[in-house]
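Colleague: Letter by letter, the first sequence follows residues 3 to 938 of this note's numbering. All residues carry an ideal CB built from backbone N, CA and C; glycine is no exception. Owing to the predicted nature of the structure, the values given are computational and were not obtained by experimental measurement.
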Amino acid sequence: MSDPTPNDAQRELIDSTEGSYLVDAGPGTGKTFAVTRRYGRIVDRPDVEPDDVLLATFTRSAATEMRERIVDHSAYGPRELADAPIRTFHSHCHELLQEHGYAAPTHLGLDERITGSTRILEDELIEAERFREFFAGFRDDHPEHADFYRALSAPGELLDLIEELASKGIFPSTDGWYRDGESHLDGDFEAFRERFDAANQPRNDGRKQSKLREDLSGFGRDKAYRPDAPTESALRGGRGTKRLDEDVARQVFYEDRSALNSFVHDAYVEYLRFALRRNYLSFSFLQLFAFVLLCEDERAREAAEFEYVMVDEFQDTSEVQFKLALLLSGTENLCVVGDWKQSIYSFQYADVDNILEFEDRLERFAADLNADADRVPFDAADPTRIELRENYRSTESVIDLSERAIVTPASSGDTVETDPADVVGLSSNAAFDNTVVEGVRHEDEHEAVLSKVQAIVGNDDYAVEGEDGEPRPPEYGDIAVFTRTRDYGRELLDVGAEYDFPLAYDGGVELFRTDPAKLLLAWLRILESDADRGWAVVFERIGYAFDEIDRFLETGSYPTEPAAFRDELRELESVGAVARRVLDRYGFTGDVADVLLHSVQSVHDSTTATRGELIRFMERGVETGSTVDVRASAGDDAVTVQTIHTAKGLEYPIVVMANMNEGRFPPRAGGSSVIQYRDPVGLRQRKIYSAERPHPHVYDNWRHDVIRRCLPRAYDEERRLLYVAVTRAESHVVFAAGEDPNTFLEELPVAVEAIEPAVEPLDRDAPAEAELPFAVTAPNGPIGHSPHSLMDETVFEETGERPEAGPEAEPETRGMDFGSRVHDFAEAYALGDDVTPSNDHERRVVELLDGLSGELHVEEPVTLPLDVDGRRVTVSGIADLVHVTGDRVEVIDYKTDATRAVGVPEAAQRLLPRPRRVVRRKVGRDEPVLHERRVA
DNA sequence: GCACAAGAAGTTTTT
DNA sequence: CTTCTTGTGC
Numbered sequence: 003m004s005d006p007t008p009n010d011a012q013r014e015l016i017d018s019t020e021g022s023y024l025v026d027a028g029p030g031t032g033k034t035f036a037v038t039r040r041y042g043r044i045v046d047r048p049d050v051e052p053d054d055v056l057l058a059t060f061t062r063s064a065a066t067e068m069r070e071r072i073v074d075h076s077a078y079g080p081r082e083l084a085d086a087p088i089r090t091f092h093s094h095c096h097e098l099l100q101e102h103g104y105a106a107p108t109h110l111g112l113d114e115r116i117t118g119s120t121r122i123l124e125d126e127l128i129e130a131e132r133f134r135e136f137f138a139g140f141r142d143d144h145p146e147h148a149d150f151y152r153a154l155s156a157p158g159e160l161l162d163l164i165e166e167l168a169s170k171g172i173f174p175s176t177d178g179w180y181r182d183g184e185s186h187l188d189g190d191f192e193a194f195r196e197r198f199d200a201a202n203q204p205r206n207d208g209r210k211q212s213k214l215r216e217d218l219s220g221f222g223r224d225k226a227y228r229p230d231a232p233t234e235s236a237l238r239g240g241r242g243t244k245r246l247d248e249d250v251a252r253q254v255f256y257e258d259r260s261a262l263n264s265f266v267h268d269a270y271v272e273y274l275r276f277a278l279r280r281n282y283l284s285f286s287f288l289q290l291f292a293f294v295l296l297c298e299d300e301r302a303r304e305a306a307e308f309e310y311v312m313v314d315e316f317q318d319t320s321e322v323q324f325k326l327a328l329l330l331s332g333t334e335n336l337c338v339v340g341d342w343k344q345s346i347y348s349f350q351y352a353d354v355d356n357i358l359e360f361e362d363r364l365e366r367f368a369a370d371l372n373a374d375a376d377r378v379p380f381d382a383a384d385p386t387r388i389e390l391r392e393n394y395r396s397t398e399s400v401i402d403l404s405e406r407a408i409v410t411p412a413s414s415g416d417t418v419e420t421d422p423a424d425v426v427g428l429s430s431n432a433a434f435d436n437t438v439v440e441g442v443r444h445e446d447e448h449e450a451v452l453s454k455v456q457a458i459v460g461n462d463d464y465a466v467e468g469e470d471g472e473p474r475p476p477e478y479g480d481i482a483v484f485t486r487t488r489d490y491g492r493e494l495l496d497v498g499a500e501y502d503f504p505l506a507y508d509g510g511v512e513l514f515r516t517d518p519a520k521l522l523l524a525w526l527r528i529l530e531s532d533a534d535r536g537w538a539v540v541f542e543r544i545g546y547a548f549d550e551i552d553r554f555l556e557t558g559s560y561p562t563e564p565a566a567f568r569d570e571l572r573e574l575e576s577v578g579a580v581a582r583r584v585l586d587r588y589g590f591t592g593d594v595a596d597v598l599l600h601s602v603q604s605v606h607d608s609t610t611a612t613r614g615e616l617i618r619f620m621e622r623g624v625e626t627g628s629t630v631d632v633r634a635s636a637g638d639d640a641v642t643v644q645t646i647h648t649a650k651g652l653e654y655p656i657v658v659m660a661n662m663n664e665g666r667f668p669p670r671a672g673g674s675s676v677i678q679y680r681d682p683v684g685l686r687q688r689k690i691y692s693a694e695r696p697h698p699h700v701y702d703n704w705r706h707d708v709i710r711r712c713l714p715r716a717y718d719e720e721r722r723l724l725y726v727a728v729t730r731a732e733s734h735v736v737f738a739a740g741e742d743p744n745t746f747l748e749e750l751p752v753a754v755e756a757i758e759p760a761v762e763p764l765d766r767d768a769p770a771e772a773e774l775p776f777a778v779t780a781p782n783g784p785i786g787h788s789p790h791s792l793m794d795e796t797v798f799e800e801t802g803e804r805p806e807a808g809p810e811a812e813p814e815t816r817g818m819d820f821g822s823r824v825h826d827f828a829e830a831y832a833l834g835d836d837v838t839p840s841n842d843h844e845r846r847v848v849e850l851l852d853g854l855s856g857e858l859h860v861e862e863p864v865t866l867p868l869d870v871d872g873r874r875v876t877v878s879g880i881a882d883l884v885h886v887t888g889d890r891v892e893v894i895d896y897k898t899d900a901t902r903a904v905g906v907p908e909a910a911q912r913l914l915p916r917p918r919r920v921v922r923r924k925v926g927r928d929e930p931v932l933h934e935r936r937v938a
């Protein structure tokens, strides 16, 4: 890739070892090459040892790669560099705490200690479990925060908030907030007012109302505000008014948030204590304590300081990581390397302003850290900027396209702030430029992609550079298909499997929604309680018809073979052994099965969960769609299918950017959290619960509704995503869309051709989507939907007046407790168990369920719009199985174990989904890479 | 050209 | 929860 002889800019970076540097290193500019050479140059000096130089990376694999390349080019061998500080921020913090961190918690007022046995909890799923456990105890101990428990829909929401605060360096202490944390929570009115004013400017020379006023059209509709909220017309003024009153900024910014602050504080600090007592630290807390340690313990700081600090992929760092880099710098020799255009990890708390506003932040953070002690250099830092402009990967045409992409609007109302002139332009080093940039379009998107790929393979028009530097016709392995979402990738894989198309998926799989997981869950349920919901799955898998299954379950006399297998499982000691036997029984041997085994085993080991808890853990995994990574090994001549995020850092001769057919973009994850932190307004609450009324009542926060429209969502990250995708390509870029190309595709200089997919489907009758495109009538009531929805306020809204009177002694009957109790009741009732309602809520549930008789529209996952008293209520859940026999279709929801059989209109029968094909793929001998995480 | 309302359709990414 | 579309009315 990059030439062994550095170009001028690389030379400058390599040679400039003293002082502060901000390096703009675009894709393919030989960044790793230059950074590793720079490192080598520094440590090869007689007075410098590897221990004097910190090279911080974002990922372990990047650290490994750096280390290897340094070994190749410096006087040091692998052994001498084995312990050199070339690491991720996280592992360095770990190291630091091991060495000096024993008393770190005391600086926050905590009595607990960090010891050699304190473990790092890497697994987010397990952390979520732990947090759930913590929060249950916290609720019991702190009844004073009851209003907030009602406000949260799940504890995970609070964990997310805590992690976000930690990523920004906002920490609690036992008697308040650490350093100036509280001021961040309170926000910055002046900064907010600037944004308010910007959004409140009338447009078109004053002829048109401000964006803010327009967005607030319909203010309060479908909302329940407290009585002190202004009416829509009071807020917006009468018709023809062009802007909101200036004073609104003040009104919405200032509200009493002391109870909120104190709730978040208490939960935060107690969770820190809980984690320490359980002897574990999460990734975020690792950084939190490292920061506190370096701030408070001068001796530790001095011992931890480096003469040289380099940070790779700086665009991916969080605020706290930036500050850690400063604290770890004993001199001004700080060099950060990155590319703001490739910052696509904001959900991971990466803060693109670290690099975009590097100079400002450097000055500000250094001043903050030095406010009450002399902690870091950089008092008068004047960082030098170095720009790497030579691109060794892509053709000029591809680079041009990418530089258009980074300034292309994502939607019609989107304004691009970036000035094209501010983008550091790259120049290509490619031997030849035969680049094809084109778009294809057909409503059968997947087929369109596949047939386009077929048209490219072996086609000289799409020649790529061979090993010898000469053009050669492309192969499958030269092509990568990128998508923004995992789902699209999996769909493409499913379609590809029908044609035996050589596709290799690389990325996350929704583990607990796979067949192996469902069967394992079923057997665990059988072992736990001989549960019908377990047996039903097992019998269905064997192939029994539903009436037969019903008979088994009713009589309790099971076929001998599965019953014998159950007895065999009962003999096994460990859950791991059970899992292995179950997976063996069904011949699940692929990557998914391996990862499942590992996952189940590790959860069980590390939380000492009982089997029952493991079952609930898996159930939650099904509900939340937890994913684990499965990486296909390269080598085979196959097209790589992956998300853009997964593809970052990689390169392919030909890139197909699929799924370019959505003009709209999804709301930001976390946007729906009830309690959230946002710059510059601090901690805010979207919904407010109040115990003042006889029945605790939920109000929407009108202030929040105004505030959030002053902080509009920017599409910069979508643009950066597109930029990352395009710059992966060496030679050719193809965009693929469905019927309607999105704004990106329309705005880019790409000819989009409507094509006829040439891949002949094996089965013309197979529907493109697993959906029953017809309405069916529910035979007798409620069975078959998830009672989850009964937690939903709308159900109560829709079914009549909310309960006014009631036992006042139950202030916590709403919110989570209420939800789960009603859920349990509803589930039991829906399943026909012999339960009788014991309070008004449950009576209401019975009334609701009995009253359901409307039309059912079944999809997968299921969304069931039901008519209740002529009004529409949406009830959702997951259908695990759509079973088709002849002219009947049966829908099962494993969670409720509910089944529903309905007749299918003849005309619709050919549209029925076929049983889902299990796609299994060889992934070579490599161990599957396991990265578990939650998906909100 | 602008204001306003209502409906429809989209509903992540993962070190 | 957001954006886009459509239709009505000033």
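Apply the 10 Å Cβ neighbour rule to K210 and answer buried if 16 or more other Cβ atoms are within range, or exposed otherwise.
Modeller: Residue numbering aside, residue 210 sits at position 208 when the first sequence is read from its first letter. Under this definition K210 is an exposed residue.
Colleague: Name the DSSP beta bridge partners of H647, please?
Modeller: As a working note, residue 647 is residue 645 in the first sequence. None; H647 has no bridge partner.
Colleague: Does the distance from the CB of L246 to the CB of R252 come in under 8 angstroms?
Modeller: As a first step, residue 246 is located in the first sequence; it is residue number 244 there, counting from the start. As a first step, residue 252 is located in the first sequence; it is residue number 250 there, counting from the start. For L246 and R252, no; Cβs fall outside 8 angstroms.
Colleague: Tell me K210's beta-bridge partners as DSSP assigns them.
Modeller: Numbered from 1 along the first sequence, position 208 holds the residue referred to as residue 210. Answer by DSSP bridge pairing, in chain order: R205.
Colleague: Among the candidates D217, Q12, S331, whose CA atom is the shortest distance from the CA of L390?
Modeller: Counting from one through the first sequence, the residue named residue 390 turns up at place 388. L390 has its Cα closest to that of Q12, out of D217, Q12, S331.
Colleague: Should A660 and T485 be called a contact, given that it needs their Cβ atoms to be closer than 8 angstroms?
Modeller: Here residue 660 is taken as the residue at index 658 of the first sequence, counted from 1. Here residue 485 is taken as the residue at index 483 of the first sequence, counted from 1. It is a contact, given that the beta carbons lie within the stated cut-off.
Colleague: Which one of V676, I544, R686, T410 has the shortest CA to CA distance from N744?
Modeller: Taking the first residue of the first sequence as position 1, residue 744 is located at position 742. Residue T410 is the option with its Cα nearest to N744.
Colleague: If we count Cβ pairs, one from each stretch, closer than 8 angstroms, do we get three or more for the stretch 486-493 versus the stretch 526-537?
Modeller: In short, these stretches do not touch, since the Cβ pair count stays below three.
Colleague: Using the C-alpha atoms, what's the distance from G578 back to R572?
Modeller: Residue mapping note: residue 572 aligns to position 570 of the first sequence, counting from 1. Residue mapping note: residue 578 aligns to position 576 of the first sequence, counting from 1. Cα to Cα, the separation comes out at about 13 angstroms.
Colleague: Assign E771 to one of two classes, buried (16 or more other C-beta atoms within 10 Å of its C-beta) or exposed (fewer than that).
Modeller: Against the first sequence, residue 771 aligns to sequence position 769. Only weak support is given to the placement of E771: the predicted model assigns it a pLDDT of 28, under 50, and the question is left unresolved by the model.
Colleague: Hey, quick one: how far does the beta strand (DSSP E) through V442 stretch, first residue to last?
Modeller: One-based indexing of the first sequence puts residue 442 at position 440. Segment 439-443, the beta strand (DSSP E) holding V442.
Colleague: Consult DSSP for P682 and reduce its assignment to one of helix, strand or coil.
Modeller: Position 680 of the first sequence holds residue 682. P682 falls in the coil class under three-state DSSP.
Colleague: Mind reading off the beta-carbon distance from G103 to A130? Whole number of angstroms is fine, and I expect it under 8 angstroms.
Modeller: Residue mapping note: residue 103 aligns to position 101 of the first sequence, counting from 1. Residue mapping note: residue 130 aligns to position 128 of the first sequence, counting from 1. Actually they do not touch by this definition, with Cβ atoms about 25 angstroms apart.
Colleague: Quick one: what's got a C-beta closer than 6 angstroms to D217's C-beta in the same chain, skipping five residues either side?
Modeller: The sequence position of residue 217 within the first sequence is 215, counting from 1. These residues qualify, in order along the chain: R711.
Colleague: If you run the structure through DSSP and keep just helix, strand and coil, what is F360?
Modeller: As a position in the first sequence, residue 360 is number 358, starting the count at 1. F360 falls in the helix class under three-state DSSP.
Colleague: Give the single residue among V426, A369, F380 whose Cα lies nearest to the Cα of N393.
Modeller: For the purposes of this step, residue 393 is taken as the residue at position 391 of the first sequence. Nearest option by C-alpha distance: V426.
Colleague: Distance, Cα to Cα, E550 vs I122?
Modeller: Position 548 of the first sequence holds residue 550. Position 120 of the first sequence holds residue 122. Answer to the nearest angstrom: the Cα atoms are 50 angstroms apart.
Colleague: Can you check DSSP and say which residues form a bridge with D26?
Modeller: For the purposes of this step, residue 26 is taken as residue 24 along the first sequence, with counting starting at 1. In DSSP, D26 forms a bridge with G340, E389.
Colleague: Work out the CA separation of K520 and S604 for me, nearest whole Å.
Modeller: As a first step, residue 604 must be located in the first sequence, where it is residue number 602. As a first step, residue 520 must be located in the first sequence, where it is residue number 518. Straight-line Cα distance between these residues: approximately 18 angstroms.
Colleague: Near H706, which residues of its chain fall below 6 angstroms by C-beta distance, leaving aside the five closest residues on each side in sequence?
Modeller: Position 704 of the first sequence, counted from the start, is the residue given in the question as residue 706. Taken in chain order, the residues that qualify are R686, R688.
Colleague: Pull up the distance between the alpha-carbon of S119 and that of V602, whole angstroms please.
Modeller: Counting from one through the first sequence, the residue named residue 119 turns up at place 117. Counting from one through the first sequence, the residue named residue 602 turns up at place 600. If I take the Cα positions, the gap works out to 24 angstroms.
Colleague: Is it the case that the stretch 337-344 contacts the stretch 17-33, given that we only count it when at least three CB pairs across the two stretches are under 8 angstroms?
Modeller: Flag = yes, the stretch 17-33 and the stretch 337-344 touch.
Colleague: Distance, Cα to Cα, D224 vs E419?
Modeller: Numbered from its first residue, the first sequence carries residue 224 at position 222. Numbered from its first residue, the first sequence carries residue 419 at position 417. Approximately 34 angstroms between the Cα atoms of the pair.
Colleague: Contact between the stretch 78-85 and the stretch 257-272: three or more CB pairs below 8 angstroms?
Modeller: At 8 angstroms Cβ cutoff, the stretches do not touch.
Colleague: Quick check: the Cα distance between A433 and A465, rounded to an integer number of angstroms?
Modeller: Here residue 433 corresponds to residue number 431 of the first sequence, with the count starting at 1. Here residue 465 corresponds to residue number 463 of the first sequence, with the count starting at 1. Going from the Cα of A433 to the Cα of A465 covers about 13 angstroms.
Colleague: Of the choices E67, E748, R721, whose alpha-carbon is the least far from that of I646?
Modeller: Sequence index remark: in the first sequence, residue 646 carries index 644 (1-based). The shortest C-alpha separation from I646 is found at R721.
Colleague: Is the beta carbon of G111 closer than 8 angstroms to that of T176?
Modeller: Numbered from its first residue, the first sequence carries residue 176 at position 174. Numbered from its first residue, the first sequence carries residue 111 at position 109. Contact: yes.
Colleague: Which whole-angstrom value is the C-beta distance of D681 and Y227, which I expect to be below 8 angstroms?
Modeller: Locating residue 681 in the first sequence gives position 679, where the first residue counts as 1. Locating residue 227 in the first sequence gives position 225, where the first residue counts as 1. So it is not a contact: roughly 25 angstroms between Cβ atoms.
Colleague: Quick one: grab the DSSP three-state call for E755.
Modeller: Numbered from 1 along the first sequence, position 753 holds the residue referred to as residue 755. Strand, per DSSP.
Colleague: Where does S822 fall in DSSP's three states?
Modeller: The residue labelled residue 822 in the question sits at position 820 within the first sequence. For S822, the predicted structure reports a pLDDT of 42, less than 50, and the residue's modelled location is therefore unreliable. The matter cannot be settled from this model.
Colleague: For a quick check, are the C-beta atoms of Y654 and I481 less than 8 angstroms apart?
Modeller: The count along the first sequence starts at 1 and reaches residue 654 at position 652. The count along the first sequence starts at 1 and reaches residue 481 at position 479. Against a cut-off of 8 angstroms, the Cβ pair of I481 and Y654 comes out as a contact.
Colleague: With 16 as the cutoff for other CB atoms within 10 Å, does E563 come out buried or exposed?
Modeller: By one-based count along the first sequence, residue 563 stands at place 561. So E563 counts as exposed.
Colleague: For D569, count the other beta carbons within 10 Å of its own beta carbon; 16 or more makes it buried, fewer makes it exposed. Which is it?
Modeller: As a first step, residue 569 must be located in the first sequence, where it is residue number 567. It is exposed - the Cβ of D569 has fewer than 16 other Cβ atoms within 10 Å.
Colleague: In this structure, does DSSP put R13 in helix, strand or coil?
Modeller: On the first sequence, position 11 is the one that residue 13 refers to. In the structure shown, R13 sits in a helix (DSSP, three-state: H, G or I).
Colleague: Among the residues of its own chain, which have a CB less than 8 angstroms from the CB of L278, if the five just before and after it don't count?
Modeller: As a first step, residue 278 must be located in the first sequence, where it is residue number 276. Counting only Cβ-Cβ distances below 8 angstroms, and skipping sequence neighbours, we find P107, L112, E114, R115, I116, T120.
Colleague: Return helix, strand or coil for A64, following the three-state DSSP convention.
Modeller: The residue given as residue 64 occupies position 62 in the first sequence. Helix.
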